[in-house]
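Undergrad:
In this note's numbering, the protein residues as written are 6 to 126.
1. For residue 92, which residues of its own chain have a beta-carbon under 7 Å away from its beta-carbon, when the five flanking residues on both sides are left out?
2. Cα separation between residue 15 and residue 101?
3. Can you tell me whether residue 41 is buried or exposed, with buried defined as 16 or more other CB within 10 angstroms of its CB?
4. Using 8 Å as the threshold, is the C-beta distance between residue 34 and residue 54 below it?
5. Would you kindly work out how many angstroms separate the C-alpha atoms of residue 70 and residue 32, rounded to a whole number?
6. Is it true that the CB of residue 49 sits closer than 8 Å to the CB of residue 57?
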């Protein structure tokens with residue numbers, strides 16, 4: 006059974022959510038610009054702090070092997086907290102990318118195995 010909340014409880018939760026979103030918008034990294042640089046084969050993200058982050062789409066699940074046209078169709082979510090590629094059905098959080106998460110746990114395990122193999126040779 007679902008517990009219903011009254012209007013006052015809803016308003017209190019809503020106001021807390023608005024305050025948390027405002028706080029996050031000034032303390033967490035947000036994308037303000039994102040694009041694919043075909044010359045360097047890198048995704049480029051300019052953050053609200055002024056910092057710039059780049060990564061190769063070849064290491065990102067859903068982006069690896071995509072055409073330059075599809076990579077260039079990156080969209081920033083309205084909050085700036087995520088990136089989306091409609092045609093590729095790929096989504097990444099900015100904080101996840103900055104933390105080095107480029108896909109699922111299985112994808113990341115595969116990447117780490119590839120990187121270890123490259124360092125061993």
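Glycine is no exception: its CB is placed at the ideal position from the N, C-alpha and C atoms.
A quick note: this is a predicted structure, and the numbers were derived from the prediction, not measured.
TA: So, from the listed chains and residues:
1. Within the chain shown, the letter at position 87 stands for residue 92. Excluding sequence neighbours, residue 92 sits near 75 and 78.
2. Reading the chain shown from its first residue, position 10 is the one you call residue 15. Reading the chain shown from its first residue, position 96 is the one you call residue 101. Answer to the nearest angstrom: the Cα atoms are 30 Å apart.
3. The residue labelled residue 41 in the question sits at position 36 within the chain shown. Looking at its Cβ environment, which holds 16 or more other Cβ atoms inside 10 Å, residue 41 is buried.
4. Numbered from its first residue, the chain shown carries residue 34 at position 29. Numbered from its first residue, the chain shown carries residue 54 at position 49. Their beta carbons are under 8 Å apart, which means residue 34 touches residue 54 by this criterion.
5. Locating residue 70 in the chain shown gives position 65, where the first residue counts as 1. Locating residue 32 in the chain shown gives position 27, where the first residue counts as 1. Distance between the alpha carbons of residue 70 and residue 32: 34 Å.
6. Residue mapping note: residue 57 aligns to position 52 of the chain shown, counting from 1. Residue mapping note: residue 49 aligns to position 44 of the chain shown, counting from 1. Their beta carbons are under 8 Å apart, which means residue 57 touches residue 49 by this criterion.
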